[in-house]
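Read through the structure below, which is laid out as structure tokens, and then see the notes.
There are 2 protein chains.
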Amino acid sequence: MHSDLVASRSAEQKGSRESREPSRESRNGSSPQLDAVSLAIIEQLQEDGRRPYAAIGKAVGLSEAAVRQRVQKLLDQGVMQIVAVTDPLTVGFRRQAMVGVNVEGDVEAVADALSAMSECEYVVMTAGSFDLMVEIVCEDDDHLLDVINKRIRAVPGVRSTESFVYLKLKKQTYMWGTR
Amino acid sequence: MHSDLVASRSAEQKGSRESREPSRESRNGSSPQLDAVSLAIIEQLQEDGRRPYAAIGKAVGLSEAAVRQRVQKLLDQGVMQIVAVTDPLTVGFRRQAMVGVNVEGDVEAVADALSAMSECEYVVMTAGSFDLMVEIVCEDDDHLLDVINKRIRAVPGVRSTESFVYLKLKKQTYMWGTR
DNA sequence: CTTCGATCGTGCGGAATTCGCAGGAGTAGA
DNA sequence: TCTACTCCTGCGAATTCCGCACGATCGAAG
Numbered sequence: 001m002h003s004d005l006v007a008s009r010s011a012e013q014k015g016s017r018e019s020r021e022p023s024r025e026s027r028n029g030s031s032p033q034l035d036a037v038s039l040a041i042i043e044q045l046q047e048d049g050r051r052p053y054a055a056i057g058k059a060v061g062l063s064e065a066a067v068r069q070r071v072q073k074l075l076d077q078g079v080m081q082i083v084a085v086t087d088p089l090t091v092g093f094r095r096q097a098m099v100g101v102n103v104e105g106d107v108e109a110v111a112d113a114l115s116a117m118s119e120c121e122y123v124v125m126t127a128g129s130f131d132l133m134v135e136i137v138c139e140d141d142d143h144l145l146d147v148i149n150k151r152i153r154a155v156p157g158v159r160s161t162e163s164f165v166y167l168k169l170k171k172q173t174y175m176w177g178t179r
Numbered sequence: 001m002h003s004d005l006v007a008s009r010s011a012e013q014k015g016s017r018e019s020r021e022p023s024r025e026s027r028n029g030s031s032p033q034l035d036a037v038s039l040a041i042i043e044q045l046q047e048d049g050r051r052p053y054a055a056i057g058k059a060v061g062l063s064e065a066a067v068r069q070r071v072q073k074l075l076d077q078g079v080m081q082i083v084a085v086t087d088p089l090t091v092g093f094r095r096q097a098m099v100g101v102n103v104e105g106d107v108e109a110v111a112d113a114l115s116a117m118s119e120c121e122y123v124v125m126t127a128g129s130f131d132l133m134v135e136i137v138c139e140d141d142d143h144l145l146d147v148i149n150k151r152i153r154a155v156p157g158v159r160s161t162e163s164f165v166y167l168k169l170k171k172q173t174y175m176w177g178t179r
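Which chain is which? The protein sequence lines are A and B, in order.
Position 12 of the first sequence, counted from 1, bears residue number 12 in this note's numbering, the numbering being contiguous throughout.
Position 167 of the second sequence, counted from 1, bears residue number 167 in this note's numbering, the numbering being contiguous throughout.
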């Protein structure tokens, strides 16, 4: 996973002549630290995952090589991935659903078991009337039925499920930080 | 919908002789009917969004130029986007939630209204005990509270909402087709 | 049957990008 | 001060991207 913090590297390398505010980048108190420059790089790549390193460098004030090294590290650490995303409905997967799951016992163990299923593309532990929310992608109704009723409910600890079959995907964005 | 942000990147500035705008017909509802080769290309880019066209060409049995033209078309049509995706928690957004929404009246109108909000990164119409499922990304608790109680419930047609605050993201995949 | 017109693939240079590596500068600890 | 690290920069060389011209295929119209 990406939880390795790697000894807080965010010391804000002051380049040569530019004086960027060193006091700005630590707004989040959580463990994995990203400085403002890495955030800006991610932002660029959220707009276009294939944007050249030199263009990113101009936007964030870094050389091409520096951007390339930072991107590589972000990928290696698992902080981000650069991938093609699609609307599954246009790619041949005709049934999608969000499934709310109630668990007795170890929630995380159930989450791990569900994560191991290839049809589950999104697994998150939640607070509220569900313990887990799972998004599943299937090829057709039979497949969907099989996954929900046979596979998910067969996982030890799953008490009950409630399904929300997707009718239409209205929005899908990956541009947090761009606001 | 989501296609407009990506398509605008390089479509306009090339048009050498016949700059016609096919992006208009990319309204969803019409399946662009992807063949096996385009599917294979998408699959390659789901593994690595920056993979060179030549390498993809070798994998799918096409020339570099053909791959490039197909990828450009897929982007223009909004079938796929090539972007960086992250776990928002590591990028400074500390509160995420899935919100189930019940609607009276025009569900799609409500969906459009919610899609216009930048905090809503994922909006889908569903069958089941919710009419809409909305994933929202916020910076902190105050922001989350504001979005749910003030903004979402203020949308005309929203009858009720139920929130599921994210505790931990366990899985996030973009590799349908790779199985 | 022939001819447009549109779509799709290939090949090819030139420009742009990526890649690897050798420094230099700042920082922390012994 | 010296060493060990980290991070950035600069610079060739290899690779990749990009525009463009041309050929093949297919369906519809003449």
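Backbone N, C-alpha and C define an ideal beta-carbon position, used for all residues, glycine too.
To the nearest angstrom, report how far apart residue i and residue j are at their CA atoms.
| i | j | result |
| --- | --- | --- |
| A/Ala40 | A/Ala113 | 35 Å |
| B/Arg94 | B/Gly128 | 29 Å |
| B/Val165 | B/Gly49 | 30 Å |
| B/Ala111 | B/Val147 | 15 Å |
| A/Ala195 | B/Ala36 | This structure gives no information on residue 195 of chain A, because the portion of chain A shown stretches from 1 to 179. |
| A/Val101 | A/Ser163 | 9 Å |
| B/Gly92 | A/Asp76 | 19 Å |
| B/Ile56 | A/Gln72 | 20 Å |
| A/Ala181 | B/Leu62 | Here chain A comprises residues numbered 1 to 179, so residue 181 of chain A is not present and cannot be evaluated. |
| A/Leu34 | A/Asp141 | 43 Å |
| B/Thr161 | B/Ala154 | 11 Å |
| B/Ser30 | B/Leu169 | Note that B/Ser30 scores a pLDDT of 47, beneath 50, so its modelled location is shaky and nothing firm can be said. |
| A/Ser19 | A/Ile136 | Note that A/Ser19 scores 31 on pLDDT, short of 50, meaning its location in the model is unreliable and no value can be drawn from it. |
| B/Ile42 | B/Ile152 | 35 Å |
| B/Gln81 | A/Leu74 | 20 Å |
For residue i and residue j, which I take to be in contact (beta-carbon distance under 8 Å), what is that distance rounded to the nearest angstrom?
| i | j | result |
| --- | --- | --- |
| A/Val79 | B/Thr90 | 6 Å |
| A/Val134 | A/Val158 | About 10 Å separates the two Cβ atoms, so there is no contact after all. |
| A/Leu167 | B/Met125 | 4 Å |
| A/Ala54 | A/Glu64 | 4 Å |
| B/Lys171 | A/Tyr122 | 6 Å |
Between the Cα of residue i and the Cα atoms of the options, which residue gives the shortest distance?
| i | options | result |
| --- | --- | --- |
| A/Arg51 | A/Tyr122, A/Met117, A/Glu162 and A/Val83 | A/Val83 |
| B/Glu104 | B/Ala55, B/Leu132, B/Gln96 and B/Gln172 | B/Leu132 |
| A/Phe130 | A/Tyr174, A/Val107, A/Leu169 and A/Lys58 | A/Val107 |
| A/Ala59 | A/Gln69, A/Gln96 and A/Gln44 | A/Gln44 |
| B/Pro156 | B/Val85, B/Ala109 and B/Gly61 | B/Ala109 |
| B/Tyr174 | A/Ile136, A/Gln69 and A/Val85 | A/Val85 |
| B/Arg70 | B/Ser38, B/Asp87, B/Gln81 and B/Pro88 | B/Ser38 |
| A/Pro88 | A/Ser160, A/Ala154 and A/Cys120 | A/Cys120 |
| A/Cys138 | A/Ser118, A/Arg153 and A/Ala154 | A/Ser118 |
Which one or two residues does DSSP pair with residue i in a beta bridge?
| i | result |
| --- | --- |
| A/Phe184 | Only positions 1 to 179 of chain A appear in the structure, and residue 184 of chain A is not among them; the question remains open. |
| B/Glu139 | In the DSSP output, where bridge partners are listed per residue, B/Glu139 has none listed. |
| B/Lys171 | A/Val123 |
| A/Leu132 | A/Val101 and A/Met125 |
| B/Val155 | Paired residues: none, contrary to the question. |
So the alpha helix (DSSP H) residue i belongs to, where does it begin and stop?
| i | result |
| --- | --- |
| B/Leu39 | Ala36 to Glu47 |
| A/Ala109 | Val107 to Ser115 |
| A/Gln33 | Run containing A/Gln33: none; DSSP gives neither H nor E here. |
| B/Ala54 | Tyr53 to Val60 |
| A/Ala65 | Glu64 to Gln77 |
If you measure from the CB of residue i, is any heavy atom of the ligand FAD nearer than 7 Å?
| i | result |
| --- | --- |
| B/Val101 | Ligands in the displayed structure: none, and consequently the ligand FAD is not present. |
For the beta strand (DSSP E) that residue i lies in, which residues bound it at each end?
| i | result |
| --- | --- |
| A/Ile82 | Met80 to Thr86 |
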